[in-house]
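**Student:** In the UniProt record's numbering, the protein residues as written are 1 to 342.
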Amino acid sequence: MSKKIAILGASGYTGAELVRLIATHPGMEIVALSGERKAGMAMGDVFPHLRHLGLPDLVKIEEIDFSGVDLAFCALPHATSQEVIKALPRDLKIVDLSADFRLRDPAEYEKWYGKPHAAVELQKEAVYGLTEFYREAIREARLVAGTGCNAAAGQYAIRPLIEAGVIDLDDIILDLKNGVSGAGRSLKENLLHAELSGGTYPYSAGGKHRHLGEFDQEFSALAGRPVMVQFTPHLAPFNRGILASAYVKGDPEAVYKALADRYASETFLEVLPFAAMPSTRSVAGSNFVHIGVSGDRIPGRALVVVALDNLCKGSSGQALQNANLMLGMDESEGLMLAPVFP
């Protein structure tokens with residue numbers, strides 16, 4: 001019997017991506033879709049690529065009857081999720097795609113997001129949703145907090161290296177190139193075609209990006225001492241994808257072995273042959289992650305490059321992977337679609 005699924009915030013990119021993935025999932029049925037500004041509209045009118053699916057119309061959240069829903073995905077804006085989730089039934093399983101429950105320390109949340117957390121008790125309950133590293137906790141969780149897409153890409157590069165003790169923890173540089181869909185669907189002047197096409201630029205530079213809170217939390221917990229990385233994301237004129245380049249101090253062969261060993265049994269993470277480099281093109285539209293490692297002309301330094309799709313493995317695909325675990329299903333259900341190429 002299929003599990004009944006609600007998607008809150010289905011009129012955004014991550015909500016639409018959830019619909020696309022769940023449409024071919026053998027064990028899930030979408031029974032409710034919310035979209036505050038698009039309430040009353042058919043999903044196929046909001047996203048024509050989903051027109052062939054028999055989907056419920058978009059409604060406001062308060063119109064949804066959650067009594068028959070097994071799990072809800074919350075693809076809502078930051079700060080909205082905590083208020084909405086606080087009012088949902090306590091027996092409802094929830095995967096939140098916003099930043100509202102990623103940081104365990106309320107003071108850290110206020111530092112990075114500029115306001116006190118409005119659901120501190122739920123924040124304590126939430127499990128961090130980086131599936132490959134929190135799998136067993138996610139399986140037992142009621143509330144899972146999806147990671148930031150940049151945070152996921154950076155952690156796939158660095159976490160195994162901290163675990164294996166093969167890099168200098170005080171010399172980590174992360175440089176990311178992000179597709180424009182990561183900025184969401186809202187109208188913004190800097191995202192107009194004439195403003196973005198043909199160029200690229202850094203944003204939230206100088207240690208201001210909010211995903212640094214996740215890096216600080218996760219890397220420091222792994223290392224058992226504070227770890228601070230230098231991190232700069234860049235907005236690039238392609239639709240989907242993240243290419244994360246991590247510059248680390250350590251033996252390249254040891255770095256490669258740590259990553260290859262850690263991900264050897266992971267379905268969605270593939271470490272390429274040594275010195276082969278990944279491309280966002282090769283993972284577009286999929287839940288797969290490609291990782292490349294090379295040495296440098298400077299001895300004792302290594303480059304780790306991670307490519308993933310920000311809307312899929314960086315957000316909605318990761319959310320579905322976690323939901324599968326929470327509902328007792330095979331982790332890869334609905335997620336084995338091959339990347340779209342070219």
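Every residue gets a Cβ at the ideal spot worked out from N, C-alpha and C, and that includes glycine. Small disclaimer: the values here were computed from a predicted structure and weren't measured.
Please list the terminal residues of the continuous alpha helix (DSSP H) segment that includes L21.
**Tutor:** Note, L21: alpha helix (DSSP H), 13-22.
**Student:** Report yes if the CB atom of L196 is closer than 8 Å to the CB atom of L235, and no otherwise.
**Tutor:** Yes, they are a contact pair.
**Student:** Among A275, Q155, G224, R301, which has the Cα closest to the Cα of K313?
**Tutor:** Of the listed residues, the one whose Cα sits closest to K313 is Q155.
**Student:** In the structure shown, what three-state DSSP assignment does P226 receive?
**Tutor:** DSSP places P226 in coil when its eight states are reduced to three.
**Student:** If you pair each beta-carbon of the stretch 28-37 with each one of the stretch 56-74, do three or more pairs fall below 8 Å?
**Tutor:** At 8 Å Cβ cutoff, the stretches touch.
**Student:** Please list, in chain order, all residues of the same chain as V255 whose beta carbon is under 8 Å from its beta carbon, the five residues on each side excluded.
**Tutor:** L161, V166, I167, V248, V293, A302, V304.
**Student:** Could you tell me how far apart the beta carbons of E83 and A118 are, in whole angstroms, since I believe they sit closer than 8 Å?
**Tutor:** So it is a contact: roughly 6 Å between Cβ atoms.
**Student:** If distances are taken between C-alpha atoms only, which option among A10, D70, E218 comes closest to P89?
**Tutor:** Ranking A10, D70, E218 by Cα distance to P89 puts D70 first.
**Student:** Applying the criterion that 16 or more other CB atoms from any shown protein chain within 10 Å of the CB defines a buried residue, is S186 buried or exposed?
**Tutor:** The residue in question, S186, is exposed, as its Cβ has fewer than 16 Cβ neighbours within 10 Å.
**Student:** Report the start-end ranges of each beta strand (DSSP E) in the stretch 188-261 that is 3 residues or longer and not cut off at the edges.
**Tutor:** List check, beta strand (DSSP E) in window: 230-235, 242-249.
**Student:** State the Cα-Cα distance for the pair M228 and V127, rounded to the nearest angstrom.
**Tutor:** About 22 Å.
**Student:** With a cut-off of 8 Å on the beta carbons, I'd call A23 and L53 a contact; round off their distance for me.
**Tutor:** With 8 Å as the limit, A23 and L53 qualify as a contact, their Cβ atoms being about 5 Å apart.
**Student:** Counting pairs of Cβ atoms below 8 Å between the stretch 235-246 and the stretch 171-184, do you hit three or more?
**Tutor:** Yes, the stretch 235-246 touches the stretch 171-184.
**Student:** To which residues of the same chain is T280 closer than 6 Å at the C-beta, ignoring the five residues directly before and after it?
**Tutor:** Only G241, L243, A307 meet the Cβ criterion.
**Student:** Spell out the partners DSSP gives V127 in its beta bridges.
**Tutor:** Paired residue(s): V144.
**Student:** Using the Cα positions of V120 and K86, report the straight-line distance between them to the nearest angstrom.
**Tutor:** Near 10 Å, if we compare the C-alpha coordinates of K86 and V120.
**Student:** To the nearest angstrom, report how far apart D330 and G15 are at their CA atoms.
**Tutor:** If you take the alpha carbons of D330 and G15, they lie about 22 Å apart.
**Student:** Quick one: measure Cβ to Cβ for residue 408 and A79, integer angstroms, because I've assumed they're closer than 8 Å.
**Tutor:** Absent from the model: residue 408. The displayed extent of the chain is 1 to 342, so no value can be given.
**Student:** Who are the near neighbours of R262 in its chain, counting only those whose CB is closer than 6 Å to its CB and skipping five residues on each side?
**Tutor:** Contacts found: P160.
**Student:** Among the candidates P48, L311, G328, A319, whose CA atom is the shortest distance from the CA of G182?
**Tutor:** Closest option to G182, Cα to Cα, is L311.
**Student:** Does the structure place the stretch 323-340 close enough to the stretch 135-148 that three or more beta carbon pairs sit under 8 Å?
**Tutor:** Yes: at least three Cβ pairs fall under 8 Å.
**Student:** State buried or exposed for S11, treating a residue as buried only when at least 16 other CB atoms are found within 10 Å of its CB.
**Tutor:** Answer is buried; the Cβ neighbour count reaches 16.
**Student:** DSSP on S286, reduced to helix/strand/coil?
**Tutor:** In this structure, S286 counts as coil in the three-state DSSP scheme.
**Student:** Taking its Cβ as the centre, do 16 or more other Cβ atoms sit within 10 Å of H49, making it buried, or is it exposed?
**Tutor:** By the neighbour-count rule (16 or more Cβ atoms within 10 Å), H49 is not buried but exposed.
**Student:** Below 8 Å on the Cβ atoms is my guess for E189 versus G148; work out the distance and round it to an integer in Å.
**Tutor:** About 23 Å; that fails the 8 Å criterion.
**Student:** Using only CA atoms, which one of E110, I5, D45 lies nearest to residue 359?
**Tutor:** The shown model of the chain, from 1 to 342, leaves out residue 359, and the question about it has no answer.
**Student:** Can the beta-carbon of E108 be found less than 8 Å from the beta-carbon of Q217?
**Tutor:** Yes; because the gap between Cβ atoms is below 8 Å, this pair is in contact.
**Student:** Between G207 and chain D, is there a C-beta pair that is closer than 8 Å?
**Tutor:** Among the chains of the structure shown, chain D does not appear; only one protein chain is present.
**Student:** Is DSSP giving L97 helix, strand or coil here?
**Tutor:** Three-state DSSP puts L97 in coil, outside helix and strand.
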